[in-house]
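All remarks here apply to the structure that follows.
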Amino acid sequence: QTRSLLGVFEEDAAAISNYINQLFQAMHRIYDAQNELSAATHLTSKLLKEYEKQRFPLGGDDEVMTSTLQQFAKVIDELSSCHAVLSTQLADAMMFPITQFKERDLKEILTLKEVFQIASNDHDAAITRYSRLSKRRENEKIKAEVTEDVYTSRKKQHQTMMHYFCALNTLQYKKKISLLEPLLGYMQAQISFFKMGSENLTEQLEEFLTNIGTSVQNVRREMDCEVENMQQTIEDLEVASDPLYLPDPDPTKFPAHRNLTRKAGYLNARNKTGLVSSSWERQFYFTQGGNLMSQARGDVAGGLVMDIDNCSVMAVDCEDRRYCFQITSFDGKKSSILQAESKKDYEEWICTINNISKQIYLSENPEEIAARVNQSALEAVTPSPSFQQRHESMRPAVQSRPPAARTSSTGSLGSDSAALSALSLDSLVAPDTPIQFDIISPVSEDLPGQAKSSGQSGRRTNPFGESGGSKPETEDSILHQLFIVRFLGSMEVKSDESPDVVYETMRQILAARAIHNVFRMTESHLLVTCDCLKLIDPQTQVTRLRFPLPNVVLYATHQENKRLFGFVLRTSGGRVESHQTSICYIFESNNEGEKICDSVGLAKQIAFHAELDRKASEKQKEIDRVKEKQQKELNKQKQIEKDLEEQSRLIAASSRSNQSSAEGQFVVLSSSQSEDSDLGEDGKKKRESE
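Quick note on full-length UniProt numbering: the sequence shown kicks off at 1 and runs consecutively.
This is how it looks when you write it as structure tokens:
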């Protein structure tokens with residue numbers, strides 16, 4: 001019964017220990033939360049006091065807000081002090097009693113239980129040894145020792161059991177105390193806290209809180225009204241902006257503005273990462289006066305990309321991307337290839353940069369002046385897509401409209417051409433001259449001076465002079481240099497004596513391309529030989545155009561933009577029959593303008609020296625022919641003199657033979673006749689001739 005009853009008490013003690021541990025954890029969480037609340041309240045009060053030191057970008061100095069927050073900080077600081085007092089009271093009145101019961105009383109029960117178990121085991125072992133004493137031979141010494149062990153172990157077990165049972169009985173009372181005392185301390189601490197809070201929350205504070213609540217409600221109503229207005233604005237903008245969501249809107253509904261002098265938007269910029277590889281980076285670009293600026297996402301301000309005063313801008317074919325254009329600085333040392341998002345932005349960027357390059361933005365009404373300049377350029381330059389239309393426009397019957405006045409632009413390509421007056425420009429370029437922007441194959445159209453034989457039509461030309469079939473016409477040329485060029489345009493010029501002709505033609509062709517949105521350029525291979533210049537199709541190797549080298553009378557590269565070069569071709573025919581005309585062709589290369597001009601100059605020098613050698617050779621042949629003729633005459637004269645001497649000898653011999661006898665004559669005649677009969681018919685004729 002004792003063991004059974006002890007098991008019940010031990011089970012109750014284990015349940016009490018488990019429950020007290022859970023209650024201790026809960027109360028400890030209350031204590032930790034109160035400490036955290038006290039620290040957070042103190043930090044809140046500190047931050048509210050520092051509000052007046054903050055500098056918000058969108059918030060000005062609001063004295064009302066600052067004073068209100070200072071008042072709140074004062075109250076919250078007092079509440080923080082109350083929370084600190086509450087934390088101290090909870091530590092003393094709630095956590096200390098339950099901690100003592102858990103750490104002292106419950107551990108004492110566990111210790112006594114272990115001691116009682118050891119004493120009980122020792123008593124059982126002593127009884128077992130005492131029971132093994134033999135009844136035959138009794139050893140008094142051993143019997144005394146065993147008896148002493150039984151006495152000692154039984155006494156120890158009894159004493160331990162009494163202390164253990166006493167502790168178990170006392171635990172029932174301590175359990176009640178350990179439960180009620182912490183709760184009593186907790187409630188007393190809370191009551192004390194609420195009393196301190198009640199003393200701090202006076203009627204004046206309640207009035208202050210009421211006013212703040214009213215202000216908050218007013219601000220909320222204003223916010224709701226503003227949100228409603230913004231929602232309506234958003235709906236209206238969504239309806240109005242629906243067509244703009246397309247990446248490339250319809251140009252008929254949203255036409256490009258060509259008179260802009262300012263532009264901003266996102267563009268893709270090409271960056272070279274290797275010899276043939278490149279990457280594209282999306283950035284925000286904008287114009288600022290005469291500068292093109294860019295700003296990456298996250299940057300505070302934009303950086304200078306290029307000075308676009310007096311720059312050149314043109315559309316380019318760049319890999320497989322659309323809407324690409326290239327900006328080149330006035331000195332030609334810096335260029336940038338950009339891609340627009342839509343055709344509208346593409347055209348507006350080109351027109352805007354072209355307007356800025358003319359320094360229109362410095363005037364009072366830049367857009368009005370830009371519109372007037374663009375209109376004047378439209379009237380002054382009439383693009384023609386082919387040679388046929390250009391020749392038709394040259395006919396007198398078609399030239400019924402009066403020539404339009406030309407306007408000079410401060411944004412010309414070269415520094416020399418920018419200083420030309422209107423009179424000097426008209427003396428260089430024929431007024432009312434159409435511009436050809438594409439290349440027409442000579443198979444369909446023939447220019448004067450560029451006629452081809454029927455056997456050359458459509459024949460593939462190997463630029464290196466190697467062919468498995470017929471012998472190319474340039475095979476004997478010692479110079480073969482190939483360049484990649486893009487044809488910009490050509491137009492008739494009035495003079496071919498000064499490089500200013502080429503510079504002015506470059507300016508007019510680039511301006512006309514920007515005005516008329518002619519952005520496509522035909523890429524070709526320019527083959528320079530000692531006989532001619534050839535434009536060859538890079539795909540089919542078919543000769544597109546052939547320019548005889550003697551007809552190329554002038555060639556020059558741009559003084560600043562070295563990628564641009566041109567030459568003047570002098571041909572027969574034109575506006576007046578049997579009159580020579582000059583046509584200027586403009587090309588763009590990959591920074592090889594000077595190399596091409598040097599190659600053309602070298603070809604002309606080689607051709608000139610070859611012509612001198614040919615003339616010298618012909619002259620030498622003529623001298624040799626004269627000498628040979630004189631030698632023949634001399635030989636003929638010598639032969640005549642020799643024949644005369646021979647005849648003289650024959651006459652002398654004949655006179656001596658007359659004095660001989662008749663018999664001798666008969667013998668001679670007989671021998672002659674016999675010889676004649678022996679010679680035959682051929683011999684007789686030969687003798688007669690002699």
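Backbone N, C-alpha and C define an ideal beta-carbon position, used for all residues, glycine too.
Should the segment 622 to 636 be regarded as contacting the segment 518 to 537, the criterion being three or more beta carbon pairs within less than 8 Å?
Taking 8 Å as the limit for Cβ pairs, the verdict is that the segment 518 to 537 does not touch the segment 622 to 636.
If you run the structure through DSSP and keep just helix, strand and coil, what is residue 309?
The sequence position of residue 309 within the sequence shown is 309, counting from 1. In this structure, residue 309 counts as coil in the three-state DSSP scheme.
Name the residue from 207, 356, 89 and 15 whose alpha carbon lies nearest to the alpha carbon of residue 71.
Here residue 71 corresponds to residue number 71 of the sequence shown, with the count starting at 1. Checked all of 207, 356, 89 and 15; the closest Cα to residue 71 is 207.
On a Cα-Cα basis, can you pick out the residue from 105, 225, 636 and 539 that is closest to residue 13?
For this step, residue 13 is matched to residue 13 along the sequence shown. Comparing C-alpha distances from residue 13 to each of 105, 225, 636 and 539 shows the shortest one belongs to 105.
Put residue 597 into one of helix, strand or coil per three-state DSSP.
Here the question's residue 597 lines up with position 597 in the sequence shown. In the three-state reduction of the DSSP assignment, residue 597 falls in the helix class, which pools H, G and I.
Beta-carbon proximity check, residue 488 vs residue 560, cutoff 7 Å
Looking up residue 488 in the sequence shown gives position 488. Looking up residue 560 in the sequence shown gives position 560. No, the pair does not count as a contact, with Cβ atoms beyond the cut-off.
Please report the distance separating the alpha-carbon of residue 485 from that of residue 593.
Residue 485 sits at position 485 when you count from the first residue of the sequence shown. Residue 593 sits at position 593 when you count from the first residue of the sequence shown. In a straight line, the C-alpha of residue 485 is about 9 Å away from that of residue 593.
Can residue 501 and residue 495 be called in contact, C-beta distance under 7 Å?
Residue numbering aside, residue 501 sits at position 501 when the sequence shown is read from its first letter. Residue numbering aside, residue 495 sits at position 495 when the sequence shown is read from its first letter. Residue 501 places its beta carbon less than 7 Å from that of residue 495.
Supposed contact pair residue 157 and residue 125 - C-beta distance, whole angstroms, cut 8 Å:
Here residue 125 corresponds to residue number 125 of the sequence shown, with the count starting at 1. Here residue 157 corresponds to residue number 157 of the sequence shown, with the count starting at 1. The Cβ separation is near 11 Å, so there is no contact.
What ranges does the beta strand (DSSP E) occupy inside the UniProt domain "PH" (260 to 358), keeping only unbroken runs of at least 3 residues that lie completely in it?
264 to 272, 278 to 288, 291 to 295, 303 to 307, 312 to 315, 324 to 328 and 335 to 339
So is residue 569 in contact with chain C if we call contact Cβ pairs under 7 Å?
Looking at the structure shown, chain C is missing, and only one protein chain is on hand.
Which residues DSSP lists as bridging residue 485, in chain order:
Stepping through the sequence shown from its first residue, residue 485 is reached at position 485. Per DSSP, 524 and 589.
Is residue 556 helix, strand or coil when you go by DSSP?
Locating residue 556 in the sequence shown gives position 556, counting from the first residue. In the three-state reduction of the DSSP assignment, residue 556 falls in the strand class.
Taking the C-alpha atoms as reference points, what is the distance between residue 282 and residue 551?
Mapped onto the sequence shown, residue 282 falls at position 282. Mapped onto the sequence shown, residue 551 falls at position 551. If I take the Cα positions, the gap works out to 48 Å.
Which one or two residues does DSSP pair with residue 540 in a beta bridge?
By one-based count along the sequence shown, residue 540 stands at place 540. Answer is none; residue 540 lacks a bridge partner.
Note the first and the last residue of the continuous beta strand (DSSP E) segment covering residue 568.
For this step, residue 568 is matched to residue 568 along the sequence shown. That run of the beta strand (DSSP E) goes 564 to 572.
Exposure of residue 57, with buried meaning 16 or more beta-carbon neighbours within 10 Å
Position 57 of the sequence shown, counted from the start, is the residue given in the question as residue 57. Exposed.
Measure the Cβ-Cβ separation of residue 482 and residue 527 and say whether it is below 7 Å.
Residue 482 sits at position 482 when you count from the first residue of the sequence shown. Residue 527 sits at position 527 when you count from the first residue of the sequence shown. Yes. Within cutoff.
Report yes if the CB atom of residue 102 is closer than 7 Å to the CB atom of residue 20, and no otherwise.
Numbered from 1 along the sequence shown, position 102 holds the residue referred to as residue 102. Numbered from 1 along the sequence shown, position 20 holds the residue referred to as residue 20. Yes, the Cβ-Cβ distance between residue 102 and residue 20 is below 7 Å.
Endpoints, alpha helix (DSSP H) assigned at residue 439:
Taking the sequence shown and counting its residues from 1, one reaches residue 439 at position 439. Careful: residue 439 lies outside any alpha helix (DSSP H) and carries neither H nor E.
Which whole-angstrom value is the C-beta distance of residue 287 and residue 356, which I expect to be below 8 Å?
Along the sequence shown, one-based indexing puts residue 287 at 287. Along the sequence shown, one-based indexing puts residue 356 at 356. Sure, about 6 Å apart at Cβ, within 8 Å.
Residue 557: which of 505, 545 and 35 sits nearest, CA to CA?
As a working note, residue 557 is residue 557 in the sequence shown. Nearest of 505, 545 and 35 to residue 557, Cα basis: 505.
Alpha-carbon to alpha-carbon, residue 112 and residue 6
For the purposes of this step, residue 6 is taken as the residue at position 6 of the sequence shown. For the purposes of this step, residue 112 is taken as the residue at position 112 of the sequence shown. Residue 112 has its alpha-carbon roughly 13 Å from the corresponding atom of residue 6.
Candidates 321, 87 and 173: which alpha carbon is nearest residue 342's?
As a first step, residue 342 is located in the sequence shown; it is residue number 342 there, counting from the start. Nearest option by C-alpha distance: 321.
Using 8 Å for Cβ pairs, my map puts residue 130 next to residue 146. What's the rounded Cβ distance?
Mapped onto the sequence shown, residue 130 falls at position 130. Mapped onto the sequence shown, residue 146 falls at position 146. With 8 Å as the limit, residue 130 and residue 146 qualify as a contact, their Cβ atoms being about 5 Å apart.
Per-residue burial, residue 436 [other beta carbons within 10 Å of its own, 16 or more giving buried]
Position 436 of the sequence shown, counted from the start, is the residue given in the question as residue 436. So residue 436 ends up on the buried side.
Helix, strand or coil at residue 547 [DSSP, three-state]
On the sequence shown, residue 547 is found 547 positions in, with the first residue counted as 1. DSSP places residue 547 in strand when its eight states are reduced to three.
Give the secondary structure of residue 492 by DSSP, where H, G and I count as helix, E and B as strand, and everything else as coil.
Taking the first residue of the sequence shown as 1, we reach residue 492 at position 492. Three-state result, residue 492: strand.
Close Cβ partners of residue 261 (< 7 Å) along its chain, the five nearest in sequence each way excluded
As a first step, residue 261 is located in the sequence shown; it is residue number 261 there, counting from the start. 352, 355, 356, 360, 361, 366, 367 and 370.
With residue 530 as the anchor, note down where its alpha helix (DSSP H) starts and where it stops.
Counting from 1 along the sequence shown, the entry for residue 530 is found at position 530. Looking at the DSSP string, residue 530 is not in any alpha helix (DSSP H), and its letter there is neither H nor E.
Within the continuous alpha helix (DSSP H) that includes residue 10, where are the two ends?
Mapped onto the sequence shown, residue 10 falls at position 10. 2 to 49 is the span of the alpha helix (DSSP H), which, as asked, contains residue 10.
How would you call residue 171, buried or exposed, if buried means at least 16 neighbouring beta carbons within 10 angstroms?
For the purposes of this step, residue 171 is taken as the residue at position 171 of the sequence shown. Per the 10 Å Cβ criterion, buried.
Taking 8 Å as the limit between beta carbons, can you name the residues of its chain near residue 553, skipping five residues before and five after?
In the sequence shown, the residue the question calls residue 553 occupies position 553. Excluding its 5 nearest sequence neighbours in each direction, residue 553 has C-beta neighbours in its own chain below 8 Å: 496, 568, 569, 570 and 582, listed in chain order.
Could you pull the start and end residues of the alpha helix (DSSP H) that residue 182 belongs to?
Counting from 1 along the sequence shown, the entry for residue 182 is found at position 182. 140 to 200 is the extent of the alpha helix (DSSP H) around residue 182.
If you follow the alpha helix (DSSP H) that residue 53 is part of, which residue opens it and which one closes it?
Residue 53 sits at position 53 when you count from the first residue of the sequence shown. Looking at the DSSP string, residue 53 is not in any alpha helix (DSSP H), and its letter there is neither H nor E.
Look at residue 344 and residue 256 and say whether their C-beta atoms are less than 7 Å apart.
Locating residue 344 in the sequence shown gives position 344, counting from the first residue. Locating residue 256 in the sequence shown gives position 256, counting from the first residue. Going by C-beta atoms, residue 344 is nearer than 7 Å to residue 256.
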